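Chains as they are written, first to last, in the numbering used here: chain A, 1137 to 1431; chain B, 16 to 286.
Here's what the structure looks like:
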């Protein structure tokens, strides 16, 4: 069953094209990652499907084309920063969200327990840290037990501990079989959580599919040397190296199947290059992302 | 969603808000004080002319007492309710909660309808204050409890509603609380008069200018001044105060236009 079907979606702000004829389908039960560099149109796309922005062209449908106000209440979402009434506490804000969704008795205790805010439920929203605000936003998304969750940069601005906490909560929710659409530019996060991914850049869809189908099955290593230009030239001439991606002062290499890092080290040493960095990387969405977006 | 549910949503938003509580308390307290002052002045005037009924004293007899009370309330409608209208909408914009309501699952139509229902209810509450205070006044004077004439109550309600909507409009256009409040108060107490006088001086005294929003809303709760007195102050028929019928029809047209504009903005613009 198609949960979301987007066809030829376009959004233009003056001379800026935020979305350029984007097509996308999200199926029930998928944990769908929407990745792209900053300004690629992720939030605009989510804003349109949540009806806070109007598309310039194109269309989208929820739940195989179902219509009516009840459709939106089957979706829990937060977009950009968490926005609540600053003078209300967690209980009051969540009760208000329940009223927005027409939910009569929301399980506030369970929701606040899940996001670990039970202790601070009586504190005003304005006194919350960013991490607590994000967690309250997650709880708000879950009011009414929606079938679909839309999360926009859920770990944005959090410290490492907060990121781990929020990520764990999302994984708990995902384990309940809900469909999740998550925009993020933290590729590691998407790779860990999502089953499917769409990569967009400058409002265009570059690639979409299951994470496994996008990731290459070739071994990837990260190498470095004092003279990185010479290293780059050397590696460019090697037949066992299928792809080279620059990453800071290091090079990410995709090797021919059957080649390992020891072979590579030996070849470099034989050519007079001493590697000062050699790490075998697991198949990484980051590598694919950099490759795809640089094309 | 039914209107009661929408009302519950808006009540949950504002009931514990400090600024909302301040404005509502200010409205009630200032209305009571205004009436107290007006009565004190009336009593002082009759004391100066002991035993002789002065024109000022007669303002406190039925039905003029209701008109005087409405006139006192009209200042608070413009100042307090108008500012409240500005605050309620700009607070939503500054916290981005109007947009968030849609993200959380309300339709744009429901968000707009909730605001309209809430505004209608606030105007009703303000009118309730007016009627209650008038009855207390009558009870205190021992003249027997007589409800206000229907025209007075309707005029008061429409005026309260009109200023709430005018404040909301200013808030929607400017979105920043301080700037929008400043603009609203400047328009109500200063700018519209300036506009009218510019037209008077350059175009001439055109009656149509009395249909500008503030002038029109003021016409809903006129001071109970006899026509003979009006004729002394307003020699030109073009500047004679609006009749309550003219003011009522004009106010209803304005409110219709505002609600249409609000609905259009809510449904068509990006949030």
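Just so it is clear, CB atoms sit at the ideal spot from N, CA and C, and this is done for glycine as well. Computed from a prediction, not measured in an experiment: that's the story for all the values here.
Inside the stretch 196-233 of chain B only - alpha helix (DSSP H) runs reaching at least 4 residues: 207-217, 228-233
Where the stretch 98-117 of chain B meets chain A: residues whose CB sits under 8 angstroms from a CB there: 110, 111, 112, 114, 115, 116, 117
Inter-residue Cα distance where the pair is residue 1428 of chain A and residue 1319 of chain A: 17 angstroms
Same chain only: Cβ atoms within 6 angstroms of residue 196 of chain B, ignoring 5 sequence neighbours per side: 98, 101
Nearest-angstrom Cα separation, counted from residue 1183 of chain A out to residue 1170 of chain A: 13 angstroms
Coil, strand or helix - residue 270 of chain B by DSSP: helix
Residue 1329 of chain A versus residue 1303 of chain A - alpha carbon distance: 8 angstroms
Residue 116 of chain B versus residue 1283 of chain A - alpha carbon distance: 18 angstroms
Buried/exposed call for residue 183 of chain B, threshold 16 Cβ in 10 Å: buried
Under 9 angstroms between C-beta atoms of residue 211 of chain B and residue 191 of chain B: no
Inter-residue Cα distance where the pair is residue 1245 of chain A and residue 1297 of chain A: 23 angstroms
Under 7 angstroms from the C-beta of residue 1237 of chain A: neighbouring residues of chain B: 119, 120
Residues that DSSP places opposite residue 155 of chain B in a beta bridge: Looking at the DSSP assignment, residue 155 of chain B forms no beta bridge with any residue, so it has no partner.
Residue 119 of chain B in three-state terms, based on DSSP: coil
Residue-level contact to chain A via CB, residue 149 of chain B, 9 angstroms cutoff: no
CB-CB length for residue 1416 of chain A against residue 1359 of chain A, believed under 8 angstroms: Going by Cβ atoms, the distance from residue 1416 of chain A to residue 1359 of chain A rounds to 10 angstroms, so no, they are not a contact pair.
Residues that residue 16 of chain B contacts on chain A, provided the C-beta gap is smaller than 7 angstroms: 1238
The stretch 1149-1161 of chain A in contact with the stretch 1249-1266 of chain A per 3-pair CB rule at 8 angstroms: no
Helix, strand or coil at residue 1268 of chain A according to DSSP, with G and I counted as helix: helix
Given 8 angstroms, three or more beta-carbon pairs between the stretch 1192-1209 of chain A and the stretch 1363-1371 of chain A: no
Neighbour list for residue 1196 of chain A in chain B, Cβ cutoff strictly below 9 angstroms: Chain B residues near residue 1196 of chain A: none, gap ~15 angstroms exceeds 9 angstroms.
Among B/283, B/280, B/232, B/258, nearest to residue 267 of chain B - alpha-carbon criterion: B/232
9 angstroms Cβ cutoff met for residue 1378 of chain A and residue 1426 of chain A: no
Cutoff 8 angstroms; reference residue 259 of chain B; Cβ partners in own chain excluding five residues on either side: 166, 170, 234, 235, 237
Beta-carbon contacts of residue 214 of chain B that lie in its chain and below 8 angstroms, excluding the five residues immediately before and after: 221, 224
Below-9 angstroms beta-carbon distance, residue 19 of chain B vs any chain A residue: no
Distance between beta carbons of residue 1322 of chain A and residue 1291 of chain A, contact taken as under 8 angstroms: 6 angstroms
is_contact[residue 1208 of chain A, chain B] using C-beta, thresh 9 angstroms: yes
Cβ neighbours of residue 1210 of chain A in the same chain (closer than 6 angstroms, five flanking residues each side left out): 1282, 1283
Sub-9 angstroms separation of residue 1193 of chain A and residue 1227 of chain A beta-carbons: no
At least 3 beta-carbon pairs within less than 8 angstroms: the stretch 136-153 of chain B vs the stretch 109-124 of chain B: no
Sheet register partners of residue 1318 of chain A (DSSP bridge): A/1169, A/1287
Given 8 angstroms, three or more beta-carbon pairs between the stretch 1230-1245 of chain A and the stretch 1310-1318 of chain A: no
7 angstroms Cβ cut-off: residues of chain B touching residue 1213 of chain A: 118
Min CB distance residue 1276 of chain A to chain B below 9 angstroms: yes
Residue 285 of chain B burial status per 10 Å Cβ neighbour count (16 or more: buried): exposed
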